[in-house]
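Participant: All letters in the sequence shown, in the order written, are residues 6 to 255 by our numbering.
Idealized CB from N, CA, C, for every residue including glycine.
As the structure is a prediction and not an experimental result, all values here were calculated from the model.
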Amino acid sequence: MRKKIVAGNWKMNNDLDQTIDLIKELKSAISKTEVDIMIAPSFPFLKVAFDLTENTNIEVISQNVNENNSGAFTGEVSVKMLKSIGLSTTLIGHSERRALYYENDDLLLKKINFALENEMNVIFCFGEELSDRKSGKYFEVIKNQLDNTIIKLKSNQLKNIVLAYEPVWAIGTGETATADQAQEMHSYIRSYISERFNLEVAQNISILYGGSVKPINASEIFSKADVDGGLIGGAALNSSDFLKIIEANT
Ligand code: PEP
Numbered sequence: 006m007r008k009k010i011v012a013g014n015w016k017m018n019n020d021l022d023q024t025i026d027l028i029k030e031l032k033s034a035i036s037k038t039e040v041d042i043m044i045a046p047s048f049p050f051l052k053v054a055f056d057l058t059e060n061t062n063i064e065v066i067s068q069n070v071n072e073n074n075s076g077a078f079t080g081e082v083s084v085k086m087l088k089s090i091g092l093s094t095t096l097i098g099h100s101e102r103r104a105l106y107y108e109n110d111d112l113l114l115k116k117i118n119f120a121l122e123n124e125m126n127v128i129f130c131f132g133e134e135l136s137d138r139k140s141g142k143y144f145e146v147i148k149n150q151l152d153n154t155i156i157k158l159k160s161n162q163l164k165n166i167v168l169a170y171e172p173v174w175a176i177g178t179g180e181t182a183t184a185d186q187a188q189e190m191h192s193y194i195r196s197y198i199s200e201r202f203n204l205e206v207a208q209n210i211s212i213l214y215g216g217s218v219k220p221i222n223a224s225e226i227f228s229k230a231d232v233d234g235g236l237i238g239g240a241a242l243n244s245s246d247f248l249k250i251i252e253a254n255t
């Protein structure tokens, strides 16, 4: 059975006090739930966040990781460092990393492989641009992104991967894919994984939707058969909104 997940990507928001406050608010309100809850605070606060969430059902994850073991990579953070403070999952390939820091599929595949080889789970993000959606080429674009990355892995590696379909035109824009658009793409992705690997791999992989998920649209999106949860940006910075979104996935 694949997992239901709601993950909050805090991006470059929240200082130390705000990080602690937000975690405390979440902790005090989250009760037992079948949903895996994840939060991705900024690097400087990961250890504090990890300690604060120990023995809760909130997993602290990283927003990014480097593809090398260690060395002269100024400003970068390694898998080993993240693991040494207790983390076991990282985002890779967020559209902001792709657009603002020029991370391409080749690099992302290196990151995925390095993380998996070093026993770190991956939430791999991908999605089409507005122009791809408008030109009707969005399936082709997604197929390409998967061909260059996930499809190059071995099927047993997919056990440790969660996919996050995030149409770039819906990230931080307030414009959401409709539930039907999300389902159409998730179903395409799952069929594609099934074709390239097998049905069991496809049935077991969680596929999250990301792009302006809010309390008001979360239930409808999560009700779709191939949507296993969400990667949440803006709404994850507000505990009440994030809690409602988690609730919508139960
Ligand atoms: C994201 O950054 O992954 C995201 C989905 O952001 P938002 O929810 O703000 O659109």
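Using three-state DSSP, classify residue 218 as helix, strand or coil.
Facilitator: In this structure, residue 218 counts as coil in the three-state DSSP scheme.
Participant: Do residue 43 and residue 65 have their beta-carbon atoms positioned less than 9 Å apart in this structure?
Facilitator: In contact: residue 65 and residue 43 (Cβ atoms closer than 9 Å).
Participant: Would residue 97 and residue 63 be called neighbours here (beta carbons separated by less than 9 Å)?
Facilitator: No, the Cβ-Cβ distance between residue 97 and residue 63 is not below 9 Å.
Participant: Which word fits residue 177, buried or exposed, when buried means at least 16 other C-beta atoms lie within 10 angstroms of its C-beta?
Facilitator: Per the 10 Å Cβ criterion, exposed.
Participant: Exposed or buried, residue 246, counting other C-beta atoms within 10 Å across all chains shown (16 or more means buried)?
Facilitator: Buried, because 16 or more other Cβ atoms sit within 10 Å of the Cβ of residue 246.
Participant: Would the C-beta of residue 241 count as close to ligand 1, meaning under 8 Å from any of its heavy atoms?
Facilitator: Residue 241 Cβ: within cutoff of ligand 1.
Participant: For residue 212 and residue 182, what's the separation of their Cα atoms in angstroms?
Facilitator: Taking the straight line from one Cα to the other gives about 15 Å.
Participant: For the region 112-131 against the region 160-174, are there 3 or more C-beta pairs whose distance is under 8 Å?
Facilitator: The region 112-131, when compared against the region 160-174, does touch it at the 8 Å Cβ threshold.
Participant: State the CB to CB distance for the pair residue 45 and residue 23, rounded to an integer number of angstroms; the pair is presumed to be in contact (CB under 8 Å).
Facilitator: That belief does not hold up - the Cβ atoms of residue 45 and residue 23 are roughly 14 Å apart, past 8 Å.
Participant: Residues in the same chain with beta-carbon distance under 7 Å from residue 174, minus the five sequence neighbours each way, listed in chain order, please.
Facilitator: Excluding residues within five positions, the ones whose Cβ falls inside 7 Å are 134, 135, 138 and 180.
Participant: For residue 107, does the count of other Cβ atoms within 10 angstroms reach 16, so buried, or fall short, so exposed?
Facilitator: Exposed, since its Cβ has fewer than 16 Cβ neighbours within 10 Å.
Participant: Apart from the five residues just before and just after residue 343, which ones in its own chain have a Cβ nearer than 6 Å to its Cβ?
Facilitator: Not covered by the structure: residue 343. The range shown for the chain is 6 to 255.
Participant: Would you list the one or two residues that DSSP bridges to residue 127?
Facilitator: Note: residue 127 sits in a beta bridge opposite 95 and 166.
Participant: Counting C-beta neighbours from all protein chains within 10 Å, is the total for residue 208 16 or more, i.e. buried, or is it exposed?
Facilitator: Residue 208 is exposed by the Cβ-count criterion.
Participant: Is residue 177 near ligand 1, judged by its Cβ being under 8 Å from some heavy atom?
Facilitator: For ligand 1, at least one heavy atom lies less than 8 Å from the Cβ of residue 177.
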